[in-house]
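**Q**
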Amino acid sequence: MATKVKEPVAVATASSKNGSSLINDDKLKQLYSTMLKCRLLEEKARILKKQARYKGNYYAAVGQEATAVGVAVDLRPEDAVAPSHRDFIANYIKGVPLSAMFSQLYGRITSPDKGRSSPAHCGYAPLNIITPSSTIAAQLNIGTGIALANKLKKNDNVVVAFSGDGSTSLGFWHEALNFAGVQNLPIIFVCQNNLWAESVSVKLQTKVEDISLKAAGYGFPGITVDGNDVVAVYRVAYEAIQRARNGGGPTLIEAKTYRWYGHSEIDPAKYRSPEEVEVWKTKDPIAGMERYLTQRNLFTPEWKQQLSEAFNKELDEAIEFAEKAPQAEPVECLDYVYSFDVRGRELDRKTRTPKY
Amino acid sequence: MATKVKEPVAVATASSKNGSSLINDDKLKQLYSTMLKCRLLEEKARILKKQARYKGNYYAAVGQEATAVGVAVDLRPEDAVAPSHRDFIANYIKGVPLSAMFSQLYGRITSPDKGRSSPAHCGYAPLNIITPSSTIAAQLNIGTGIALANKLKKNDNVVVAFSGDGSTSLGFWHEALNFAGVQNLPIIFVCQNNLWAESVSVKLQTKVEDISLKAAGYGFPGITVDGNDVVAVYRVAYEAIQRARNGGGPTLIEAKTYRWYGHSEIDPAKYRSPEEVEVWKTKDPIAGMERYLTQRNLFTPEWKQQLSEAFNKELDEAIEFAEKAPQAEPVECLDYVYSFDVRGRELDRKTRTPKY
Amino acid sequence: MSVSYIEAITTGLAEEMRRDDRVFLIGEDVGVMGGVFGATKGLFEEFGAERVIDSPLAEGVIVSSAIGASMAGLRPVAEIQFADFITPAMDAITQQAAKLRYRSGGSQTCPLTLRVCYGGGTGGGLYHSQTNTTWFAHEPGLIVVAPATVADAKGMLKAGIRQDDPVIYFEHKRLYRLPTIKEDLPEGDDFVTDLFHAAVRHEGKDATIVTYGYMLQISLQAAQKVEQETGASIEVIDLRVLNPLDRDTVLDSVAKTSRLCIVQEDHRTLGIGSEIAAIVAEDAFDCLDAPILRVAAPDVPAIPAAEPMEQFYMPNVDKVTAALHKLLQY
Amino acid sequence: MSVSYIEAITTGLAEEMRRDDRVFLIGEDVGVMGGVFGATKGLFEEFGAERVIDSPLAEGVIVSSAIGASMAGLRPVAEIQFADFITPAMDAITQQAAKLRYRSGGSQTCPLTLRVCYGGGTGGGLYHSQTNTTWFAHEPGLIVVAPATVADAKGMLKAGIRQDDPVIYFEHKRLYRLPTIKEDLPEGDDFVTDLFHAAVRHEGKDATIVTYGYMLQISLQAAQKVEQETGASIEVIDLRVLNPLDRDTVLDSVAKTSRLCIVQEDHRTLGIGSEIAAIVAEDAFDCLDAPILRVAAPDVPAIPAAEPMEQFYMPNVDKVTAALHKLLQY
Ligand SMILES: Cc1ncc(C[n+]2csc(CCOP(=O)(O)OP(=O)(O)O)c2C)c(N)n1
Ligand SMILES: Cc1ncc(C[n+]2csc(CCOP(=O)(O)OP(=O)(O)O)c2C)c(N)n1
Ligand SMILES: [Mg+2]
Ligand SMILES: [Mg+2]
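Chains as they are written, first to last, in my numbering: chain A, 291 to 646; chain B, 291 to 646; chain C, 94 to 423; chain D, 94 to 423.
Here it is, written out as structure tokens:
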């Protein structure tokens, strides 16, 4: 399929040139297989949730895979990612072990957060993925701070900060982009415009048609891309990441996409018309990429079969690991508050001198 | 002088047509005389401050008069104004009695705030001027709420919300403009870009040259105007106000201007070059308007003389009134906390049942 | 017919909106969806998009627009979906709403009502469970209420909407559909409760429990348990109002019982209980026969998602019972 | 040579920046201007624009960028120009900095230092005078300090910068240039104080004052006055650390004196004093021979600009003296 890139404000020049030249067949297949695995992962996570195998909630990005994959597939371990509640798969794409990810869903001590954060709110220190709070857009400002550190340390690592259309209404979103512009920071803001913020239409979040327009107010390029076209996203992201690595500053990428399911597993999403959902399902990024690869003789059903079976085995192992892993002891509630132990302070209430 | 209007984003169409046709000679003279009075008022306020005749601080807009006058001169009593710390003169332009304004500087009980707010943080309920806090940009969101009420009540009153270049970095600024855009509210955001936020250059507040550009992200017109050209400001504001009254929604007006003095009376403003200050003093909006009126035979030194003498008398009376007015009794510190009396609660500590 | 806590909120809103067309609602998901918990269900259909406004995702906008609209004569009822996300409105609430009347010498006011959904114990984890009532109870100029019963859920909401001050109304998500607290309520306008007094929910003479919100349920159960076990009688006070605090009801009770146990869901340090303890230690010292005990959550940043740690965190009947025994044996 | 409180801050910053090139500053007007009070004077000239960053007018950016930068291994010292304007950073401080270590199971941390200029009594009015220490002392995960002496101004700042937790450092604007508190300080790296203990500033046996910040000065003067008038001896404790509180130093003192007076500049309800009173009423009840008195500001939204009302608002030597007499005569 033709890659659709819309450039209302800044022109992502030469993206077609540089961009596509880089996309060799292996990369195309990697983009596809990664999306497929993300899909399998999340559909599995949803089933486990429906089966009440873990507590809490889950926020699936099913239908949006092309955006996360196209942006994050080539990031280095040193590059930071600032995810939101909907970016669980960004962890997988960046290389977080599935055992850690499912431990996170299950709230086990084998989880990076040792059972503290809600499901899908996953971070991973070894790969510089910020453990998200739930405050919408807060990760953008923390990401901006990491980008500032990269600039001060004069390295060429970048930060990719994800958020949604609803997040753009918060002052935090503005403050992050404005500061990144002023300081010309190595950060890429990826706004996944899936048309809805819980039950609220994007039309009630902003008067403008294209969120990428907002970059004009911050003095750096903004570009709208078909978020269901992984090749288009990859090209646009590639250019933005290179620009950031080379001191060219931030980019705002608006990826127009859609979440197939409710805001979370408990949301029937009655506020959307069935027609709208159907239209978007015909734009399935994975099916689209299958067609694209087929045209280029890079796809066979058998290959997909093999990929799926192999990955499902990985998933099953990770799930088994998580289910066998212990939960935290109740008293561990008192740990990791400060750099010193607070158990003592809380249990026998005589103050201890922190070791420091 | 030629009116300089720069329209980077939305085109303030026909401003030249509608606009200037409305500016008859009386209006031109009114614009001038109002600016002159604002200047006299603030220079007086500064002298009184230097003489320590009142406590606290003062934030002069000397050099910026054309913006406040051009925007506010024709507002109705029902129209609301949301001022910042630098918009003391907006009160005068809207019609607040000088006795009330100087009582405010002096912190007397005859002040609208009965001595609570800091000097120049002046509001006036009868004319719908919001009593400002000091939180930068907060007035924009409150103003937006008043505009929402106007819309819900289906009247044609508007809100004029003032802020500065520095305020644009705060999330509050973004949230106000974004919401006004979504709801298409009758509000005019007047950003007085005087190049400095205390000691910080506007170059450290935003990467963009023209703050009016930011309106593009909110889906309504943004326009940059020479903030020292009262006729240009009047034309642009007139059109924005009409648009708002007629349900056409918000406008962002960036007025490029300059404060002659420090951020406040205690700021020597060493961070600015003397050259910069000199250049801007040559752009004095009042001197400029004198030249403009002279060309049209609408100005004589005698007239200025008369205006000044008459207004100085008014000022002296207001100052005498304020200086004679009593301060609040210490215990009045306890009043106006709730709609019920708290003195009792505080003084004898037995709780009283509030009357309600 | 007996209604739930959340039904009381919905009908309270509907009644006030019918009675007074200055009343409108604004918040995230309050319109088309009727609120994430359903508190505004049906109101969009009855009153339309102009009076039930789905706001942008910006708590600061929700509160500030309510401030402006109420200054202009309307009676907004704004909603914060989760107390955990109230921070973007911190300036609007504490620097604007709380201070407007004061800073304008009484000449400008903002009679808004802010509904805030708060509280833990539902597995919501770090960011869907918080109790930050202290931030607002600390701010004079705000009337802060936390209804613990179905009658108060309705009566205090209606009173809040009619009150000429900004009212922060904390509603505990765990009470919304709790079957055991359902009540029959009189329909209609006249049912408005007061916003300034604590309530004695259970009379007693040997010890006093002071609490609010969902913890009232825990406290009543613990009191009953201890009464059965020891024969002592425990007075249980529901604060109802967190700001300004009703000192007298608390002091009168302690004067009678001489023993005080405070139960709060918030962590220990600087919860509402700290002020209650300080008031009693200052003004009822002579009446006290025992230390003032506090049953509270431990001082950790928030409630972990994993059940064992959440259980450890939450005050419960056993913890309150143990404290009461300690208090009575003292 | 004897230095002022603000000089101690400036040299403390300079020393840490020379010692550790991971340390950088960010805030409004901290660079070219050297801070609105001059706390960062000369540092822009010595360390340049990269390590002394004039931020945009956005407190949320100041704190969040410090969070991110500290996660990435730097040691930012951020400045809030006036505590009254900290609200835009409320989420960054309470939901991000305070909770990052906890929510990441100890795998991610943000060792930043946030300097906050606070306090009244200088005619600053409603929005340049506030004491909102309670908002942050209420949040576990934050270390909150309020140095009251020149030595602590320097030693606690240096310790805070080296501490592996987010430290909120409240500096009272009225102490900056107070001549009477000037001190000779040792130069250099080794001068680092601890961040976890209160200090007994004046020994006594008949009553205890617990206070912090500028109120230490008021308290010491009142104690001296009462000692001269009555011959009683008054112990004065400077909390130094507001979170986590050093309970033992307070409890040990009350165990000795049996009488407690709390002095705070904040208004009464839910100030730091409430928690101190609650701790003592809970854990030192048997030691108490008198009610726990609080000298605090009245419960009004903020400090009015007009002098008579500001005077009425501020705790002062006479108010503390009166409280001490009442306490001793009890
Ligand atoms: C500050 C804040 N307010 C409210 C919420 C509750 N909330 C969680 S997700 C969400 C909608 C987010 O929409 P969007 O930014 O478009 O992301 P999406 O869920 O569509 O991926 C809301 C309102 C929150 N988490 N944080
Ligand atoms: C939220 C907040 N942060 C900081 C301040 C302190 N402060 C007062 S005025 C000012 C600069 C404002 O600059 P600008 O918006 O350009 O308005 P100007 O003073 O130039 O008219 C600052 C930083 C404040 N009042 N509010
Ligand atoms: Mg969305
Ligand atoms: Mg400015």
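Note that the Cβ used here is the ideal one computed from N, Cα and C, for glycine as well.
Note that this is a predicted model, so its numbers are computed, not measured.
Would you say Val-621/A lies against chain D (beta-carbon separation less than 8 angstroms)?
**A** Here the question's residue 621/A lines up with position 331 in the first sequence. So no, Val-621/A is outside the interface.
**Q** Can you check DSSP and say which residues form a bridge with Ile-179/D?
**A** Looking up residue 179/D in the fourth sequence gives position 86. Ile-179/D pairs with nothing; no bridge assigned.
**Q** What ranges does the alpha helix (DSSP H) occupy inside the region 524-560 of chain B, keeping only unbroken runs of at least 4 residues that lie completely in it?
**A** none
**Q** Leaving out the 5 sequence neighbours to the left and right, which residues in its chain are closer than 6 angstroms to Val-237/C when beta-carbon positions are compared?
**A** As a working mapping, residue 237/C is identified with position 144 in the third sequence. Closer than 6 angstroms at the Cβ level, and outside the excluded window around Val-237/C, lie Phe-229, Ala-230, Ile-261, Leu-335 and Asn-336.
**Q** Ignore the nearest five residues each way along the sequence and tell me which others in Gly-397/B's own chain have a CB closer than 6 angstroms to its CB.
**A** Locating residue 397/B in the second sequence gives position 107, where the first residue counts as 1. Gly-405.
**Q** Helix, strand or coil for Cys-623/A, going by three-state DSSP, please let me know.
**A** Translated into the one-based positions of the first sequence, residue 623/A becomes position 333. The answer is helix: DSSP assigns Cys-623/A an H, G or I state.
**Q** Any Cβ of chain D within less than 8 angstroms of the Cβ of Ala-428/A?
**A** Residue mapping note: residue 428/A aligns to position 138 of the first sequence, counting from 1. For Ala-428/A, the answer is yes, since a Cβ of chain D falls inside 8 angstroms of its Cβ.
**Q** Could you pull the DSSP bridge partners for Ile-254/A from this structure?
**A** Look at the range of chain A in this structure, 291 to 646, and you will see that residue 254/A is not part of it.
**Q** Go through the residues and name those whose CB comes closer than 6 angstroms to any heavy atom of ligand 4, in chain order.
**A** Gly-454/B, Asp-455/B, Gly-456/B, Asn-484/B, Trp-486/B and Ala-487/B
**Q** Assign Gln-357/C to one of two classes, buried (16 or more other C-beta atoms within 10 Å of its C-beta) or exposed (fewer than that).
**A** Residue numbering aside, residue 357/C sits at position 264 when the third sequence is read from its first letter. Its Cβ being crowded by 16 or more others within 10 Å, Gln-357/C is buried.
**Q** What are the residues in the region 372-399 of chain B lying within 8 angstroms of chain A by C-beta distance?
**A** none
**Q** Using only the alpha-carbon positions, how far apart do Leu-55/D and Asp-359/D sit?
**A** Nothing about residue 55/D can be read from this structure; chain D reaches only from 94 to 423.
**Q** Who are the Cβ neighbours of Ile-99/D in its own chain at under 7 angstroms, not counting the five residues just before and after it?
**A** Position 6 of the fourth sequence holds residue 99/D. Correct list, in chain order: Phe-130, Gly-131, Ala-132, Tyr-269 and Arg-270.
**Q** For ligand 1, is there any heavy atom lying closer than 7 angstroms to the beta carbon of Gln-482/A?
**A** In the first sequence, the residue the question calls residue 482/A occupies position 192. Gln-482/A Cβ: within cutoff of ligand 1.
**Q** Taking 8 angstroms as the threshold (beta carbon to beta carbon), is Glu-544/A in contact with chain C?
**A** Taking the first sequence and counting its residues from 1, the one referred to as residue 544/A is at position 254. Judged by the 8 angstroms Cβ criterion, Glu-544/A is not in contact with chain C.
**Q** Mind checking if Met-406/B is an interface residue toward chain D, Cβ cutoff 8 angstroms exclusive?
**A** Position 116 of the second sequence, counting from 1, holds the residue named residue 406/B. Contrary to the premise, residue 406/B reads as Arg rather than Met in this sequence. So yes, Arg-406/B belongs to the interface.
**Q** Does any residue of chain C bring its CB to less than 8 angstroms from the CB of Thr-541/B?
**A** Within the second sequence, residue 541/B is the residue found at index 251, counting from 1. It does not; no Cβ of chain C falls within 8 angstroms.
**Q** Sorted by chain position, which residues of the same chain lie with C-beta nearer than 7 angstroms to Ile-313/B's C-beta, five sequence neighbours on each side aside?
**A** For the purposes of this step, residue 313/B is taken as the residue at position 23 of the second sequence. Excluding positions up to five away in sequence, the list reads Val-521 and Tyr-524.
**Q** Please determine if the region 492-502 of chain B and the region 467-476 of chain B are in contact, where contact requires at least 3 C-beta pairs separated by less than 8 angstroms.
**A** no
**Q** Where does Asp-519/B land, buried or exposed, given buried means 16+ other C-beta within 10 angstroms?
**A** Residue 519/B sits at position 229 when you count from the first residue of the second sequence. So Asp-519/B counts as buried.
**Q** Just confirm the distance between the C-beta atoms of Ala-395/D and Cys-354/D, as a whole number of angstroms; I'd bet it's less than 8 angstroms.
**A** Within the fourth sequence, numbered from 1, the residue matching residue 395/D stands at position 302. Within the fourth sequence, numbered from 1, the residue matching residue 354/D stands at position 261. No, Ala-395/D and Cys-354/D are not in contact; Cβ-Cβ is about 25 angstroms, not under 8 angstroms.
**Q** Shortest alpha-carbon distance to Ala-534/A belongs to which of Thr-434/A, Asp-638/A and Gln-394/A?
**A** The residue given as residue 534/A occupies position 244 in the first sequence. Per the Cα distances, Thr-434/A.
**Q** Specify the secondary structure class of Thr-273/D as computed by DSSP and reduced to three states.
**A** Numbered from its first residue, the fourth sequence carries residue 273/D at position 180. Correct three-state label for Thr-273/D: helix.
**Q** Is it buried or exposed for Ser-163/C, if we count other Cβ within 10 angstroms and need 16 for buried?
**A** Taking the third sequence and counting its residues from 1, the one referred to as residue 163/C is at position 70. Answer is buried; the Cβ neighbour count reaches 16.
**Q** At what residues does the alpha helix (DSSP H) containing Phe-452/A begin and finish?
**A** Here residue 452/A refers to the residue found at position 162 when the first sequence is read from its first residue. Phe-452/A -> not in any alpha helix (DSSP H); beta strand (DSSP E) instead, spanning 449-454.
**Q** Which residues of chain A have a Cβ atom closer than 9 angstroms to the Cβ of Glu-139/D, listed in chain order?
**A** Working through the fourth sequence from its first residue, we reach residue 139/D at position 46. Chain A residues near Glu-139/D: none, gap ~16 angstroms exceeds 9 angstroms.
**Q** Give me the Cα-Cα distance between Ser-326/D and Ala-416/D, rounded to the nearest whole angstrom.
**A** Within the fourth sequence, numbered from 1, the residue matching residue 326/D stands at position 233. Within the fourth sequence, numbered from 1, the residue matching residue 416/D stands at position 323. Near 14 angstroms, if we compare the C-alpha coordinates of Ala-416/D and Ser-326/D.
**Q** At 3 residues or longer, what runs of the beta strand (DSSP E) sit wholly inside the region 114-202 of chain D?
**A** 116-120, 145-147 and 168-173
**Q** Quick check: the Cα distance between Ile-311/C and Gln-321/C, rounded to an integer number of angstroms?
**A** Residue 311/C sits at position 218 when you count from the first residue of the third sequence. Residue 321/C sits at position 228 when you count from the first residue of the third sequence. Gln-321/C has its alpha-carbon roughly 16 angstroms from the corresponding atom of Ile-311/C.
**Q** Could you tell me which residues DSSP pairs with Ala-390/D in its beta bridges?
**A** Start at 1 with the first residue of the fourth sequence, and residue 390/D comes out as number 297. Paired residue(s): His-360/D.
**Q** Do you know offhand how far Gly-198/D's Cα is from Met-402/C's?
**A** Counting from one through the fourth sequence, the residue named residue 198/D turns up at place 105. Counting from one through the third sequence, the residue named residue 402/C turns up at place 309. Computed Cα separation, rounded: 13 angstroms.
**Q** Answer yes or no: does any C-beta atom of chain B fall closer than 8 angstroms to that of Ala-300/A?
**A** Numbered from 1 along the first sequence, position 10 holds the residue referred to as residue 300/A. Residue confidence is low: Ala-300/A scores 37 on pLDDT, short of 50, so the model does not pin down where it sits. Its coordinate-derived value is still stated next. For Ala-300/A, the answer is no, since every Cβ of chain B falls outside 8 angstroms of its Cβ.
**Q** Quick check on DSSP: helix, strand or coil for His-290/C?
**A** As a working mapping, residue 290/C is identified with position 197 in the third sequence. If DSSP states are grouped into helix, strand and coil, His-290/C belongs with coil.
**Q** Taking the DSSP output, what are the residues bridged to Gly-512/A?
**A** Reading the first sequence from its first residue, position 222 is the one you call residue 512/A. Bridge partners of Gly-512/A: Leu-542/A.
**Q** Restricting to Cα atoms, I'd like to know which of Val-448/B, His-411/B, Phe-462/B and Gly-456/B is closest to Ile-478/B.
**A** Here residue 478/B is taken as the residue at index 188 of the second sequence, counted from 1. Looking at the Cα atoms, Val-448/B is the closest of the given residues.
**Q** Can we count His-553/B as close to ligand 2, meaning its CB is less than 7 angstroms from some heavy atom?
**A** Walking along the second sequence from the start, residue 553/B turns up at place 263. Checking every heavy atom of ligand 2 against the Cβ of His-553/B, one is found closer than 7 angstroms.
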